[in-house]
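**Student:** Quick one: the structure is below, and I'll ask about it shortly.
Protein chains in written order, with the numbering used here: chain A, 51 to 470; chain B, 75 to 241.
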């Protein structure tokens, strides 16, 4: 039997084949298509009408309102109204309005499971790969093709395994792992192939931390990021109300052909990406003391419950530096509610945090922005020029630990110095 | 587009991302308005001075970032005949072909000078500079080339649905 990587196995199943070869171009049946208020209805409705076509299988479609909510202006109101009206006309069964960011809400509601082949109308769709599903981002016209045919073509990718050994130090998170990888390989280092995160360090990560890894596969230029499912995955899924299934097939065979890169987690220090690229990464020590005005904890990448907990562990009983704003936009209602129950939100607010809606917010400059000329440290995924809504802002990317520590001091700070 | 047409080159650097092509602050607007902001943070005069038939020559990793296909659509809207670069974001590559934007992958594109012209020989997948030098591009799969020349995926789907025997 030909040895296959996890990516090959997932694609083979979706293509109705026993195995597939790297480089083959083939067609896969889609199990799940997700889109949001920006990439979805406003783009799909007119094109479907032009084709006089119907959605192939509405039970396989998920709509999440997260980019233009809460509505800030007339254009946003119009876009969101189009989305809500269309969802109603189409009687879409799975619609999540203002409940949080799509990549976080989707698994919470049990839509992503091991073995599935999924597409999302957003570049951070690889987040789904944390659940052992093949999931990648596509544009709206491509999504139209999926909605009409239920299928999509792809070229079977090479698998690039990022193999991590050892234990992460206190104050170091999956975000730091990703920044190090992106710093080393660059924004197209993933070559639009499948990146798979392997090794004991990855096995020890929680589901939310694995989601952070897979999420930022987009910044590596990979088509998707994958973590093979295991007991951690199954426990999480059960809590989300998903029935347990046999996951024994969903891993890369030991002798499968893959490119492998090795990393030592014990040596990993907190990382910071300087303006204006996630690849412009160095150890936090290179940027210590850089003064900032805004610390942003938000987005699917950096404001899940565990990200909020990390920030709270730094800020407990303390106050942020005067002259610094700490903005917190939890990734989903469920994360915010859990953080509230645990006292995490109170710690952040007492430290001086301003809480924003559970939506994409300032991450992409759609809803809210940072001030012009400001220096910002953010737990989000991208710091391209102008991305957060201000052409002259200087944005640094880091983990929630590092963002919180930097808010505490008013300048870029190594969280290991302030963690008790 | 004929092989003999001279296309004026706009030469950009590496890592031109989707936020620069289609800025987030303008994404709530239609394509007309969004196109006015195309490349404003790296080349403010581009949107007003670009002419239909012009080409963009860029460094590696063109189109990295978001899945927003508007990043490719704005270029089609502004009349860009093709983008020429040594490498692209894979996601952007698919979006571009889907919306009818031709991407040519040419390792030597760095030496094409800004404001000079280039001829595109699509059938042979070759580029020719005004000094007569010729540069090959990486071959594009037939089905993608046909699709982009037909105007993209929507045009292709329309055609397929008009002929039910092909579906």
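No residue lacks a Cβ here, since even glycine has one placed at the ideal position from N, Cα and C. Just so you know, these numbers come straight off a predicted model, no measurement behind them.
1) For the region 126-144 of chain B, which residues have a CB atom closer than 9 Å to at least one CB atom of chain D, in sequence order?
2) Would you mind giving the Cβ-Cβ distance between residue 97 of chain A and residue 255 of chain A, rounded to the nearest angstrom? I have them listed as a contact below 8 Å.
3) If you draw a straight line from the alpha carbon of residue 117 of chain B to that of residue 251 of chain A, how long is it in whole angstroms?
4) When burial is assigned at 16 or more other CB atoms within 10 Å of the CB, is residue 367 of chain A buried or exposed?
5) For residue 156 of chain A, which option in A:258, A:60, A:200, A:227 has the closest C-alpha, if you only look at C-alpha atoms?
6) Would residue 81 of chain A be called buried (16 or more neighbouring beta carbons within 10 Å of its own) or exposed?
7) What are the uninterrupted segments assigned as alpha helix (DSSP H) that are 4 or more residues long and contained completely in the region 245-284 of chain A, given in chain order?
8) Throw me the rounded Cβ distance for the residue 294 of chain A and residue 284 of chain A pair, which I believe falls under 8 Å.
9) Who are the Cβ neighbours of residue 290 of chain A in its own chain at under 8 Å, not counting the five residues just before and after it?
10) Specify the secondary structure class of residue 181 of chain B as computed by DSSP and reduced to three states.
11) Residue 217 of chain A: buried (16+ other C-beta within 10 angstroms of its C-beta) or exposed?
12) At 8 Å on the CB atoms, spell out the chain A contacts of residue 97 of chain B, in chain order.
13) Could you tell me which uninterrupted alpha helix (DSSP H) segments, each at least 4 residues in length, are contained entirely in the region 97-151 of chain A, listed from first to last along the chain?
14) Quick one: which chain B residues come within Cβ less than 8 Å of residue 101 of chain A?
15) Looking only at DSSP bridge pairs, what is residue 311 of chain A linked to?
16) Three or more C-beta pairs under 8 Å: does that hold for the region 378-392 of chain A against the region 303-314 of chain A?
17) Residue 352 of chain A lies in the alpha helix (DSSP H); which residues open and close that run?
18) Is residue 240 of chain A buried or exposed, if buried means 16 or more other CB atoms sit within 10 Å of its CB?
19) The region 442-453 of chain A: which residues have C-beta closer than 9 Å to a C-beta of chain B, in chain order?
20) Determine the burial state of residue 58 of chain B: buried for a count of at least 16 other Cβ atoms within 10 Å of its Cβ, exposed for fewer.
21) If you measure between the beta carbons of residue 222 of chain A and residue 328 of chain A, is that distance less than 8 Å?
22) Where does residue 81 of chain B sit, in a helix, a strand or coil, going by DSSP?
23) Using a cut-off of 8 Å between C-beta atoms, extract the partners of residue 48 of chain B located in chain A.
24) At least one CB of chain B closer than 8 Å to the CB of residue 57 of chain A: is that the case?
25) Answer with yes or no whether the minimum CB distance from residue 191 of chain A to chain B is below 8 Å.
26) Taking the continuous alpha helix (DSSP H) assigned at residue 172 of chain B, which residues delimit it?
27) First and last residue of the beta strand (DSSP E) that includes residue 446 of chain A?
**Tutor:** In terms of the structure at hand:
1) Considering every chain present, this structure includes no chain D. Its protein chains are A and B.
2) In fact, because the Cβ distance is near 39 Å, the residues do not count as touching under 8 Å.
3) 44 Å
4) exposed
5) A:258
6) buried
7) If we require 4 residues or more, the alpha helix (DSSP H) runs fully inside the region 245-284 of chain A come out as 250-253, 257-265.
8) 6 Å
9) 157, 158, 159, 160
10) coil
11) Residue 217 of chain A comes out exposed.
12) 415, 436
13) 124-139, all fully within the region 97-151 of chain A.
14) 228, 231, 232, 235
15) DSSP lists A:212 as partners of residue 311 of chain A.
16) The region 378-392 of chain A vs the region 303-314 of chain A: no contact.
17) Per DSSP, the continuous alpha helix (DSSP H) segment holding residue 352 of chain A begins and ends at 349-352.
18) Label assigned to residue 240 of chain A: buried.
19) none
20) This structure does not reach residue 58 of chain B, given that chain B is present from 75 up to 241, and the question cannot be answered.
21) no
22) strand
23) What the structure shows of chain B is the stretch from 75 to 241, and residue 48 of chain B is not part of that stretch, so it cannot be assessed.
24) no
25) yes
26) 164-172
27) 444-447
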